[in-house]
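Participant: Can you keep this structure in mind? I'll have questions shortly.
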Amino acid sequence: MDTASETSSVQERPKWDNKVQYLLTCVGFAVGLGNIWRFPYLCQIYGGGAFLIPYLIALVFEGLPLLYLELAIGQSLRKGSIGVWHSISPLLGGVGVASMVVSFLVGLFYNTILAWVLWYFFHSFEDPLPWSQCPINDNLEGYVEECVSSTPVNYYWYRQTLNISPDIEQSGSLQWTLVLCLATAWSIVYICFIRGIETIGKAVYVTATFPYLVLTIFLVRALTLPGATDGLQYLFTPDWTLLTNPQVWLDAATQIFFSLSLAFGGLIAFSSYNPKKNDCERDALFVGIINSATSLYASIPIFAILGFKATSNFNSCVNSNILDLTNAFDIGDRNITIENYDSWLRDLNASDPDRVSSLNLKHCVLKNFLDQSASGTGLAFIVFTEAVIEMPGSQVWAVLFFVMLFSLGLSSMFGNLEGVLTPLLDLHMVPRWMPKEIFTGLICVVNFLVALIFTLGSGNYWLEIFNSYVGSVPLLVIAFFEIIAVVCFYGIKRFSDDIEQMTGRRPNLFWRCCWMGISPVMLLVVLVAYVVVQVQKHPTYPAWNPQYENFPETEEKPYSTWVFSICVLLSSVPVISIPIVALYRLIRRHTHPHSGYPNPYTNQSYTDDTHTQSFKQI
Numbered sequence: 001m002d003t004a005s006e007t008s009s010v011q012e013r014p015k016w017d018n019k020v021q022y023l024l025t026c027v028g029f030a031v032g033l034g035n036i037w038r039f040p041y042l043c044q045i046y047g048g049g050a051f052l053i054p055y056l057i058a059l060v061f062e063g064l065p066l067l068y069l070e071l072a073i074g075q076s077l078r079k080g081s082i083g084v085w086h087s088i089s090p091l092l093g094g095v096g097v098a099s100m101v102v103s104f105l106v107g108l109f110y111n112t113i114l115a116w117v118l119w120y121f122f123h124s125f126e127d128p129l130p131w132s133q134c135p136i137n138d139n140l141e142g143y144v145e146e147c148v149s150s151t152p153v154n155y156y157w158y159r160q161t162l163n164i165s166p167d168i169e170q171s172g173s174l175q176w177t178l179v180l181c182l183a184t185a186w187s188i189v190y191i192c193f194i195r196g197i198e199t200i201g202k203a204v205y206v207t208a209t210f211p212y213l214v215l216t217i218f219l220v221r222a223l224t225l226p227g228a229t230d231g232l233q234y235l236f237t238p239d240w241t242l243l244t245n246p247q248v249w250l251d252a253a254t255q256i257f258f259s260l261s262l263a264f265g266g267l268i269a270f271s272s273y274n275p276k277k278n279d280c281e282r283d284a285l286f287v288g289i290i291n292s293a294t295s296l297y298a299s300i301p302i303f304a305i306l307g308f309k310a311t312s313n314f315n316s317c318v319n320s321n322i323l324d325l326t327n328a329f330d331i332g333d334r335n336i337t338i339e340n341y342d343s344w345l346r347d348l349n350a351s352d353p354d355r356v357s358s359l360n361l362k363h364c365v366l367k368n369f370l371d372q373s374a375s376g377t378g379l380a381f382i383v384f385t386e387a388v389i390e391m392p393g394s395q396v397w398a399v400l401f402f403v404m405l406f407s408l409g410l411s412s413m414f415g416n417l418e419g420v421l422t423p424l425l426d427l428h429m430v431p432r433w434m435p436k437e438i439f440t441g442l443i444c445v446v447n448f449l450v451a452l453i454f455t456l457g458s459g460n461y462w463l464e465i466f467n468s469y470v471g472s473v474p475l476l477v478i479a480f481f482e483i484i485a486v487v488c489f490y491g492i493k494r495f496s497d498d499i500e501q502m503t504g505r506r507p508n509l510f511w512r513c514c515w516m517g518i519s520p521v522m523l524l525v526v527l528v529a530y531v532v533v534q535v536q537k538h539p540t541y542p543a544w545n546p547q548y549e550n551f552p553e554t555e556e557k558p559y560s561t562w563v564f565s566i567c568v569l570l571s572s573v574p575v576i577s578i579p580i581v582a583l584y585r586l587i588r589r590h591t592h593p594h595s596g597y598p599n600p601y602t603n604q605s606y607t608d609d610t611h612t613q614s615f616k617q618i
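Residues 1 to 618, numbered by full-length UniProt numbering, are exactly what the sequence shown covers, in order.
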């Protein structure tokens, strides 16, 4: 591309209407479902408040430097992920391709979660809530046995929503209700995305701000519920001994990395629509701090409500024991209550231990009920829905909760889709005769058709596989090569010059130390540690099997060989483009030594000799 045509291309590039739209879009992309259902869970299992130490260390030395780098390079070169890394060096074109593939694969299952949210949202208007009680048997004699064996909430999720198969080997049939919800979810994404940032910029005013309104409403309500303080105390009580566990530091590093949506290409694409003069350092700090603060803010109402649920279950357990004791002993006018239950039980054990033992009383400990919280889909569709049932006006709280989840997921989907579309548009892979709106629609249709696998009876198992293997190793590898590309190929001095031109100041010593040493070393350590942990044992998955002897608990089953092979492919296929593109360019350079490549430094094409000379200068 010559200088004139490239300048024209930059001039024609869309721009944000204002800075607020851009920041809300970046915040909406970074703040997603993981802030609601993974961060509180990690705090709970890894020492409560003590987990914040490795989390904040990872934020400062890994998350923020990478976020700053992506926003700065996208704004400087004004291209999507493929265009940015290809213009730095043709050898690195595969980094952008890898980001695009990851964004495509993540978008497949992420929007399926939104389909589940829509399903629950539609049914949240029913009175009573459909997951609050078991359905009647077909013969009208009692309730469905599987529901009675588990719980109404579990049954509604696993059977009436997913109609889940006993294991991943049995695919089952398409669940047409979920297919319709999935089509609706993709239609909403398309409508919001139909004209790129023109329509995204309008949608984020709602999708990026509404979750904070709902979280605040939940916060006020949750803090007034009985047991809320028990939940908060359980969440934030530090257990410093757990910090000696290497897994804590590994999960903290990966959580902050994935929470900020780094290496997807969406942030690079969004920043490429900024004016050249824009303080990208301040933007990175703003988005990163808001993202982490949201995780903390969301943890308070979530665990206050989980504390309420645990207290309700504890009270039900004690009341059941009280009923058994009252029926077995002649208590008279002396009532046993929850408050004096422990003293009564001690007295009865002292006077008639054999009789008490024969009652097989339940073991009621509040901490045990608090331990039963969950992350991921289990938190959203099982634990939280069960807690909502006990709240007065449960329909209202259910509607608010699922609208909040949908808003969080929708704003994140904008970034995933942008990470796919912008590179394709920058590569001119859209036919000139095809309007952008039609091309966007085709991408959404392709995503919908491929995502039908998640609406099968085995769909939830496949979604967990995609979530575990696409959103892990590939992102770590991509981010590592992004830093290498900027430091070793583009040059830290040239990068600092660009930042000074955009912000009016050069990056300080802290940022340069992170880019040139701390961040890539942390990424490499996390990557190696993650792989080591994964290869130490054959991966398993929880299967909902009514024939399991401990049903309704899920049965841990190992992945079969062919399923495990797909897991490996999902981890390796997105990043295989990095060495393939580099090898192709090297071969082409030696077989066609006079073929030109675009030179990002002079906006002119250069041959193999000039490329070598430029590389030596860097």
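Ideal Cβ placement from N, Cα and C applies to all residues, glycine included. Given the structure is predicted, the values throughout are model-derived calculations rather than measurements.
Per DSSP, I136 forms a beta bridge with which residues?
Facilitator: Paired residue(s): Y143.
Participant: Could you give the first and the last residue of the continuous beta strand (DSSP E) run that contains E555?
Facilitator: It spans E555 to P558 - the beta strand (DSSP E) in which E555 sits, taken as one unbroken run.
Participant: Roughly how many whole angstroms lie between the Cα atoms of L361 and D342?
Facilitator: Answer to the nearest angstrom: the Cα atoms are 13 angstroms apart.
Participant: How many angstroms separate the CA atom of V31 from the CA atom of Q501?
Facilitator: Cα to Cα, V31 sits roughly 29 angstroms from Q501.
Participant: Got a sec, what are the start and stop residues for the alpha helix (DSSP H) Y120 sits in?
Facilitator: Note, Y120: alpha helix (DSSP H), G93 to H123.
Participant: Assess, as a yes-or-no matter, whether the stretch 374 to 389 is touched by the stretch 168 to 182 under the definition of 3 or more beta carbon pairs within less than 8 angstroms.
Facilitator: No contact exists between the stretch 168 to 182 and the stretch 374 to 389.
Participant: With distance defined between alpha-carbon atoms, name the residue in L91, L359 and D17 nearest to I578.
Facilitator: Nearest option by C-alpha distance: L91.
Participant: With H, G and I counted as helix, E and B as strand and the rest as coil, what does DSSP make of Y273?
Facilitator: In the structure shown, Y273 sits in coil (DSSP, three-state: anything other than H, G, I, E or B).
Participant: Would you list, in sequence order, the uninterrupted beta strand (DSSP E) runs of no fewer than 3 residues that lie entirely inside the stretch 333 to 395?
Facilitator: Correct list: empty.
Participant: Can you tell me whether T540 is helix, strand or coil according to DSSP?
Facilitator: T540: strand per DSSP, three-state reduction.
Participant: Are A304 and L223 close, meaning C-beta to C-beta below 8 angstroms?
Facilitator: Yes, Cβ-Cβ distance for A304 and L223 is below 8 angstroms.
Participant: What residue ranges within the stretch 455 to 502 form continuous alpha helix (DSSP H) runs of no fewer than 4 residues, ordered along the chain?
Facilitator: You should have 459 to 469 and 473 to 484.
Participant: My guess is that A298 and I36 are in contact by the Cβ rule of under 8 angstroms, so how many angstroms apart are they, rounded?
Facilitator: Yes, A298 and I36 are in contact; Cβ-Cβ is about 5 angstroms, under 8 angstroms.
Participant: Can you tell me whether DSSP reads M429 as helix, strand or coil?
Facilitator: Three-state DSSP puts M429 in coil, outside helix and strand.
Participant: Answer yes or no: do G201 and T25 have a C-beta to C-beta separation smaller than 8 angstroms?
Facilitator: Yes. Within cutoff.
Participant: Beta-carbon within less than 7 angstroms of V382's beta-carbon, same chain only, minus the 5 sequence neighbours each way: which residues are those?
Facilitator: Before going further, note that residue 382 is Ile rather than Val in the sequence given. Only V153, N154, W157 and A374 meet the Cβ criterion.
Participant: State yes or no: is the C-beta of V356 within less than 8 angstroms of the C-beta of I338?
Facilitator: No, the pair does not count as a contact, with Cβ atoms beyond the cut-off.
Participant: Along the chain, which unbroken stretches of the alpha helix (DSSP H) at least 4 residues long are found entirely within the stretch 501 to 533?
Facilitator: Here the runs fully enclosed are 509 to 513.
Participant: Looking at the secondary structure, which residues open and close the alpha helix (DSSP H) in which N447 lies?
Facilitator: Start and end: K436 to V450.
Participant: Please identify the residue among F551, A50 and M516 whose C-alpha is closest to the C-alpha of F481.
Facilitator: With distances taken between Cα atoms, F481 lies closest to M516.
Participant: Nearest to S124 by alpha carbon, out of Q160, F401, A269 and W240?
Facilitator: Per the Cα distances, F401.
Participant: What residue does the alpha helix (DSSP H) around N315 start on, and which one ends it?
Facilitator: Where N315 is concerned, the enclosing alpha helix (DSSP H) stretches over C280 to A328.
Participant: From which residue to which residue does the alpha helix (DSSP H) around N163 run?
Facilitator: Looking at the DSSP string, N163 is not in any alpha helix (DSSP H), and its letter there is neither H nor E.
Participant: Considering R589, what are the terminal residues of the alpha helix (DSSP H) in which it resides?
Facilitator: From DSSP, the alpha helix (DSSP H) with R589 extends over T561 to T591.
Participant: Of the residues N508, Y469, I483 and Q547, which one's Cα is nearest the Cα of V563?
Facilitator: Of the candidates N508, Y469, I483 and Q547, the one whose C-alpha sits nearest the C-alpha of V563 is Y469.
Participant: To which residues of the same chain is K276 closer than 7 angstroms at the C-beta, ignoring the five residues directly before and after it?
Facilitator: Same-chain partners within the cutoff: M502.
Participant: Suppose only complete runs of 4+ residues qualify. What are the alpha helix (DSSP H) ranges in the stretch 171 to 216, listed by chain order?
Facilitator: Entirely contained in the stretch 171 to 216, the alpha helix (DSSP H) runs reaching 4 residues are, in chain order, 176 to 193 and 197 to 207.
Participant: What span of residues does the alpha helix (DSSP H) with Y234 cover, start to end?
Facilitator: Per DSSP, Y234 belongs to the alpha helix (DSSP H) from A228 to F236.
Participant: Can at least three beta-carbon pairs, one atom from the stretch 201 to 210 and one from the stretch 405 to 421, be found at a separation below 8 angstroms?
Facilitator: The stretch 201 to 210, when compared against the stretch 405 to 421, does touch it at the 8 angstroms Cβ threshold.
Participant: Does Q501 get closer than 8 angstroms to chain C when you measure Cβ to Cβ?
Facilitator: Looking at the structure shown, chain C is missing, and only one protein chain is on hand.
Participant: Apply the 10 Å Cβ neighbour rule to W544 and answer buried if 16 or more other Cβ atoms are within range, or exposed otherwise.
Facilitator: W544 comes out buried.
Participant: Assuming L527 and V473 make a contact with CB atoms under 8 angstroms, what is their CB distance in whole Å?
Facilitator: The Cβ separation is near 7 angstroms, so the contact holds.
Participant: Does N416 pass the burial test, meaning 16 or more other C-beta atoms within 10 Å, or should it be called exposed?
Facilitator: The residue is buried, with at least 16 neighbouring Cβ atoms inside 10 Å.
Participant: Does the separation of the CB atoms of F258 and L475 fall below 8 angstroms?
Facilitator: Result yes, Cβ atoms of F258 and L475 sit closer than 8 angstroms.
Participant: Along the alpha helix (DSSP H) that carries S89, what are the first and last residues, could you check?
Facilitator: Taken as a continuous stretch (DSSP letters only), S89 belongs to no alpha helix (DSSP H), as it is neither H nor E.
Participant: In whole angstroms, what separates the C-alpha of S81 from that of S292?
Facilitator: Rounded to the nearest angstrom, the two C-alpha atoms are 25 angstroms apart.
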